[in-house]
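Trainee:
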Amino acid sequence: RCCGEKPGPVHLNLAFREPLVGVAGELAPAREPLEPVGSGARWGLTDERLAALGKALGGVSGLIVAGDRAARCDQDAVAVHRLAAHLRWPVLADALSGCRRELAATVTTFDALVRHEPFAGAHVPRVVLRLGGLPASKELSAWLASSGALQIGMDRFGMCPDPDGVLSERLHVDIATAVDQIRSVSPAPAPTSWMASWSAAEAAARSAIERVTTAHTEATEPGAAIDLATMLSDGGVLVVSSSMPVRDLEWYAPARDGLEVLANRGANGIDGVVSTAVGAALGGAPTALLVGDVAFLHDSNGLLGLMRRSLNLVIVVVDNDGGGIFSFLPQRVSLDDERFEQLFGTP
């Protein structure tokens, strides 16, 4: 390609194993990609696949894991929760999923719950229905990868990320259409105790989070995420930056109706976050941006576009002295302090 008919630079996309530090080794053998099944996002499940899914999901303890893109509107979220109510399965709803609603099946504290070994060990699912993208929680992903559960991905674009290679199939379907189809074949629900135990754990974890965060008189990062998620007007838009802000929202914010959450996570990291919020605010809804100091500085020119417009936008900048997310990742212990601060902390 470099020297061919249209010569020039060629972009090579190489996926490296995290945590991106250490000694280079041999390339791993190639793995054949699992192709998505389906003819397009407008379509639902074929009769054959629907029958197989109804059988697989019936009468077992399962989970619906809702990531980014799981619901685009209220009707999509309602469809997901209707299926959850029928199956008696909890909905582990990422903040970006559109499914983190004030409904009985919603679980917002899943990152904390799967870190608690007694609970995690006693609540291993047999089936997982993964909707849209991956949640930010690496703890949840690791727990699901080790669960041995049958895992099925659904996405309207056929983009079902599977870094752990655990999906048995990827379904390229409209999620709302597909979950309504599954509910229509009436698979048997899970035992009542399954949903009840998840609901009790969610209530206990939410109470603990609220007790600890409200006890702090000074500003905290979790507190900022909770405040923005709860104080914005109905119909408001919350834009959240990558790294710590999106995780603070996922880990600590409660379920909330009437709030749209947007992020660039997985698309462009910390590039253009202020500009994204300006664009969101142009829709006219009350809009807030929760952003870290590095991402804010990275797109401070976005403020120029804001100055020329009269927008209902508040920007909350978390000053955590650089790349705060990396203090929680393996790079913190893989490098000496000086090298870590230079490459990852970036104070």
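Under the numbering used here, the sequence shown is numbered contiguously, ending at residue 349. Even for Gly, the Cβ is constructed at its ideal location relative to N, Cα and C.
Between THR108 and ARG102, which are expected to be in contact by the criterion C-beta below 8 Å, what is the C-beta distance as a whole number of angstroms?
Mentor: Indexing the sequence shown from 1 puts residue 108 at position 106. Indexing the sequence shown from 1 puts residue 102 at position 100. Right, the Cβ-Cβ distance comes to about 6 Å (below 8 Å), so this counts as a contact.
Trainee: Along the chain, which unbroken stretches of the alpha helix (DSSP H) at least 4 residues long are found entirely within the segment 122-159?
Mentor: Qualifying alpha helix (DSSP H) stretches, in chain order: 140-147.
Trainee: When the Cα of GLY1 is compared with those of PRO224, VAL276, GLY304, ALA231, which residue comes out closest?
Mentor: In the structure as shown, the chain begins at 3 and stops at 349. Residue 1 is therefore absent and cannot be evaluated.
Trainee: Please state if the CB of ASP113 and the CB of SER139 are separated by a distance shorter than 8 Å.
Mentor: In the sequence shown, residue 139 corresponds to position 137, counting from 1. In the sequence shown, residue 113 corresponds to position 111, counting from 1. In this structure, ASP113 lies closer than 8 Å to SER139 by Cβ.
Trainee: What does THR289 pair with, by DSSP beta-bridge criteria?
Mentor: Position 287 of the sequence shown, counted from the start, is the residue given in the question as residue 289. In the DSSP output, where bridge partners are listed per residue, THR289 has VAL239, LEU315.
Trainee: Three Cβ pairs or more, each shorter than 8 Å: is that satisfied between the segment 85-101 and the segment 61-76?
Mentor: Yes, the segment 85-101 is in contact with the segment 61-76.
Trainee: Could you tell me the alpha carbon to alpha carbon distance between GLY56 and SER188, rounded to whole angstroms?
Mentor: In the sequence shown, residue 56 corresponds to position 54, counting from 1. In the sequence shown, residue 188 corresponds to position 186, counting from 1. Computed Cα separation, rounded: 7 Å.
Trainee: Counting only the same chain and skipping the five closest in sequence on each side, list residues whose C-beta sits under 7 Å from that of LEU136.
Mentor: As a working mapping, residue 136 is identified with position 134 in the sequence shown. Only GLY69, SER143, PRO163 meet the Cβ criterion.
Trainee: In this structure, how does DSSP classify VAL214 when only helix, strand and coil are distinguished?
Mentor: Counting from one through the sequence shown, the residue named residue 214 turns up at place 212. Note: VAL214 maps to helix in three-state DSSP.
Trainee: Does the beta-carbon distance from VAL280 to GLY260 come in below 8 Å?
Mentor: Walking along the sequence shown from the start, residue 280 turns up at place 278. Walking along the sequence shown from the start, residue 260 turns up at place 258. No, the Cβ-Cβ distance between VAL280 and GLY260 is not below 8 Å.
Trainee: Terminal residues of the continuous alpha helix (DSSP H) containing ALA227?
Mentor: Counting from one through the sequence shown, the residue named residue 227 turns up at place 225. 223-233 is the extent of the alpha helix (DSSP H) around ALA227.
Trainee: Note the first and the last residue of the continuous alpha helix (DSSP H) segment covering LEU308.
Mentor: Walking along the sequence shown from the start, residue 308 turns up at place 306. Start and end: 304-309.
Trainee: Of the choices ALA226, CYS5, GLY61, whose alpha-carbon is the least far from that of LEU292?
Mentor: For this step, residue 292 is matched to residue 290 along the sequence shown. It is ALA226 whose Cα lies nearest to the Cα of LEU292.
Trainee: Do you know how far the Cα of TRP196 is from the Cα of GLU252?
Mentor: Position 250 of the sequence shown, counting from 1, holds the residue named residue 252. Position 194 of the sequence shown, counting from 1, holds the residue named residue 196. TRP196 has its alpha-carbon roughly 23 Å from the corresponding atom of GLU252.
Trainee: Given a threshold of 16 other Cβ atoms within 10 Å of its Cβ, counted over all protein chains shown, does ASN15 qualify as buried or as exposed?
Mentor: By one-based count along the sequence shown, residue 15 stands at place 13. Exposed, by the Cβ-count rule.
Trainee: Could you check whether GLY60 and ALA147 sit closer than 8 Å to each other, using their CB atoms as the reference points?
Mentor: As a first step, residue 147 must be located in the sequence shown, where it is residue number 145. As a first step, residue 60 must be located in the sequence shown, where it is residue number 58. No, the Cβ-Cβ distance between ALA147 and GLY60 is not below 8 Å.
Trainee: Specify the secondary structure class of GLU204 as computed by DSSP and reduced to three states.
Mentor: As a position in the sequence shown, residue 204 is number 202, starting the count at 1. Three-state DSSP puts GLU204 in a helix.
Trainee: Are SER302 and VAL320 touching if we call contact CB-CB under 8 Å?
Mentor: Taking the first residue of the sequence shown as 1, we reach residue 302 at position 300. Taking the first residue of the sequence shown as 1, we reach residue 320 at position 318. The answer is no: Cβ separation not under 8 Å.
Trainee: THR278 by DSSP, collapsed to three states: which one?
Mentor: If you number the sequence shown from 1, residue 278 lands on position 276. Helix at THR278.
Trainee: On a Cα-Cα basis, can you pick out the residue from LEU331, VAL80, PHE298, LEU284 that is closest to SER312?
Mentor: Counted from its first residue, the sequence shown places residue 312 at position 310. Per the Cα distances, LEU284.
Trainee: Do you know whose CA, among SER336, PHE342, GLU343, GLY347, lies nearest VAL25's CA?
Mentor: Counted from its first residue, the sequence shown places residue 25 at position 23. Ranking SER336, PHE342, GLU343, GLY347 by Cα distance to VAL25 puts SER336 first.
Trainee: Output yes or no for whether 8 Å exceeds the beta carbon distance between LEU240 and VAL214.
Mentor: The count along the sequence shown starts at 1 and reaches residue 240 at position 238. The count along the sequence shown starts at 1 and reaches residue 214 at position 212. No, the Cβ-Cβ distance between LEU240 and VAL214 is not below 8 Å.
Trainee: If you compare alpha carbons, which of ASP182, ILE154, GLY274 is closest to LEU306?
Mentor: Here residue 306 corresponds to residue number 304 of the sequence shown, with the count starting at 1. When each option's Cα is compared against that of LEU306, the closest is GLY274.
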